[in-house]
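Chains as they are written, first to last, in my numbering: chain B, 575 to 802; chain F, 575 to 802. Built from N, CA and C at the ideal position, the CB exists for glycine as well.
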DNA sequence: CCTCATTATTAGGCACTCCTAATTCTGAGT
DNA sequence: ACTCAGAATTAGGAGTGCCTAATAATGAGG
């Protein structure tokens with residue numbers, strides 16, 4: 575009821591908290607104070623304080639010492655930010671020469687400044703894209719979001735060829751490396767070999783063979799021929 | 575020396591103060607506290623406080639009870655914001671369907687969020703424009719700005735035909751009216767009649783005749799055939 | 001079931017940016 | 001010169017959002 579009123583008055587910080595909590599609570603499992611503090615690079619004490627305020631405002635449900643979850647209103651606000659962020663990334667890459675390693679930082683600031691009108695115009699110019707440059711799905715304006723069923727490359731059986739859908743990484747240097755190896759969303763990747771005990775993975779992508787670490791494999795999400 | 579360091583840390587508020595003071599001190603004449611308060615819609619007391627802090631930071635020169643001027647460093651920062659604002663306006667109008675009456679508000683928020691990189695890319699996409707949609711000159715990246723010699727329409731002699739260069743107005747409704755009468759930058763305007771005592775002005779623009787109030791005439795800046 | 005490391009919260013502070021109310025300064029007109 | 005309205009400043013206070021240090025709760029291992 576007062577959602578519309580508050581929507582106008584969320585501060586930059588609040589928007590960041592909501593986005594972080596959204597990111598940290600897949601399937602609505604509660605997020606821990608320390609994880610939020612880590613993600614936002616703040617002290618746990620600061621997070622405790624803000625969480626308390628946001629709970630009182632009805633954006634979060636907080637069980638002290640247990641964790642925090644978004645309310646419906648909080649989730650709406652979070653998804654609005656996610657939509658903005660990903661559309662801005664898509665727009666900057668498509669029209670202003672940004673690359674996927676540089677676009678995150680710019681979007682991180684712009685997402686708090688753009689109007690709904692501007693976001694929707696960018697979406698229209700791009701033909702209403704459904705994924706951002708990293709392959710992350712873009713929530714619809716009504717807040718609905720469709721996460722494709724993906725598995726990390728670390729779980730693809732040797733011999734299988736899969737399509738790379740999403741790269742869950744934000745460090746620019748790592749992204750540049752990943753792109754340099756041809757691992758961009760849409761690429762076909764064949765797993766040639768997988769060493770046991772979280773060892774390296776040998777793959778073929780864009781016709782070349784590469785050995786990648788297990789840790790890197792964990793951020794590369796793929797769908798296979800059978801839909802998984 | 576510490577200019578570069580501070581550049582990174584100017585807050586939104588500080589940027590707005592600098593921009594306001596720049597606007598209020600043509601030719602470096604000091605700006606009055608109350609004028610700044612008016613423009614930013616703040617109390618004079620708030621302005622006094624901020625002015626004191628910014629003076630201590632070296633962005634302003636303040637003579638208490640007299641007025642405030644930008645230092646070189648403050649002017650640089652102000653011009654940077656003006657450049658951003660006007661380039662953003664030009665970009666939004668050129669590529670995202672904005673009109674001159676709606677673009678100011680969006681730019682007002684974006685100017686605080688964009689990176690130098692983004693601003694320069696927008697400039698490049700537009701072919702480095704020199705004026706914004708209202709005809710205001712866009713400062714160069716080095717801070718130089720070239721104000722064309724203009725006179726308000728209220729000072730153009732009857733019978734003269736001039737070119738409308740700049741419309742110094744930001745209220746959307748007024749801008750829509752002005753555009754509806756064909757008074758956009760670049761338009762040729764002939765002054766047919768001027769009533770005395772700040773009375774209305776009869777003009778011809780886009781082949782039609784209009785009578786406009788003195789107050790409106792004061793925001794329409796023109797250059798004539800003889801350069802003035 | 002008790003202890004203790006981990007995690008979270010509260011307490012107390014600070015910087016920023018705004019406010020209203022009270023005070024002080026300035027300069028124009030007598 | 002003096003007064004006084006208007007402009008500017010200072011005083012005091014509030015909300016946000018962060019911090020460090022101190023305290024409290026949790027739950028895993030002995």
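Linking residue 764 (chain B) to residue 728 (chain B) through their CA atoms gives a straight-line distance of about 12 angstroms. About 5 angstroms separates the beta carbons of residue 607 (chain F) and residue 618 (chain F), which is inside the 8 angstroms limit, making them a contact pair. Within the stretch 655-694 of chain F, the runs of alpha helix (DSSP H) at least 4 residues long that lie entirely inside it are, in chain order, 677-684.
Within the stretch 679-702 of chain F, those residues whose Cβ lies closer than 9 angstroms to any Cβ of chain B are, in chain order, 679, 680, 683, 684, 685, 686, 687, 688, 689, 691, 692, 695, 696, 698 and 699.
Taking 8 angstroms as the cut-off, the beta carbon of residue 604 (chain B) is found no closer than this to the beta carbon of residue 676 (chain B). Not a single CB atom of chain B sits nearer than 8 angstroms to the CB of residue 773 (chain F). In the same chain as residue 609 (chain B), and ignoring 5 residues on each side of it, the C-beta atoms closer than 8 angstroms to its own belong to 598, in chain order. In the three-state DSSP reduction, residue 752 (chain B) falls in the helix class (H, G or I). Remark: C-beta atoms of residue 680 (chain F) and residue 700 (chain F) do not approach each other more closely than 8 angstroms.
The beta carbon of residue 670 (chain F) sits closer than 8 angstroms to some beta carbon of chain B. For residue 795 (chain B), the beta-bridge partners assigned by DSSP are B:726 and B:740.
Shown here for residue 594 (chain F): same chain residues with a beta carbon closer than 6 angstroms to its own, the five before and five after excluded, namely 610, 613 and 614 in chain order. Comparing alpha-carbon positions, the option among B:704, B:766 and B:724 lying closest to residue 717 (chain B) turns out to be B:704. With distances taken between CA atoms, residue 712 (chain B) lies nearest to B:653 out of B:789, B:645 and B:653.
The bridge partners DSSP lists for residue 645 (chain F) come to none. When F:707, F:724, F:658 and F:672 are compared, the shortest CA-CA separation from residue 695 (chain F) is found for F:658. Three or more pairs of CB atoms, one per stretch, sit closer than 8 angstroms, so the stretch 748-760 of chain F contacts the stretch 777-790 of chain F. In the DSSP assignment, residue 764 (chain B) falls within the unbroken beta strand (DSSP E) covering 762-768. In the three-state reduction of the DSSP assignment, residue 782 (chain F) falls in the strand class.
Nearest C-alpha to residue 697 (chain F) among F:683, F:660, F:724 and F:720: F:660.
Residue 634 (chain F): member of the beta strand (DSSP E) spanning 634-637, first to last residue. Between residue 708 (chain F) and residue 759 (chain F) the beta-carbon gap is near 7 angstroms, inside 8 angstroms, which marks them as a contact. Proximity to residue 641 (chain F) across F:647, F:626 and F:650 peaks at F:626, based on C-alpha coordinates.
The beta carbons of residue 592 (chain B) and residue 651 (chain B) sit closer together than 8 angstroms.
In this structure, residue 596 (chain F) lies near residue 656 (chain F), with their beta-carbon atoms less than 8 angstroms apart. The beta-carbon distance between residue 775 (chain B) and residue 791 (chain B), rounded to whole angstroms, is 5 angstroms. This is short enough to meet the 8 angstroms contact definition.
Counted as a single uninterrupted DSSP element, the alpha helix (DSSP H) harbouring residue 594 (chain F) occupies residues 586-598. For residue 734 (chain F), no alpha helix (DSSP H) segment is defined, and its DSSP state is neither H nor E. The shortest C-alpha to C-alpha distance from residue 741 (chain F) to any of F:674, F:585, F:771 and F:624 is the one to F:674.
Excluding its 5 nearest sequence neighbours in each direction, residue 739 (chain B) has C-beta neighbours in its own chain below 7 angstroms: 709, 722, 724, 759, 795, 796 and 797, listed in chain order.
In the structure shown, the three-state DSSP call for residue 610 (chain B) is helix. Around the beta carbon of residue 685 (chain F), 16 or more other beta carbons sit within 10 angstroms, so the residue counts as buried.
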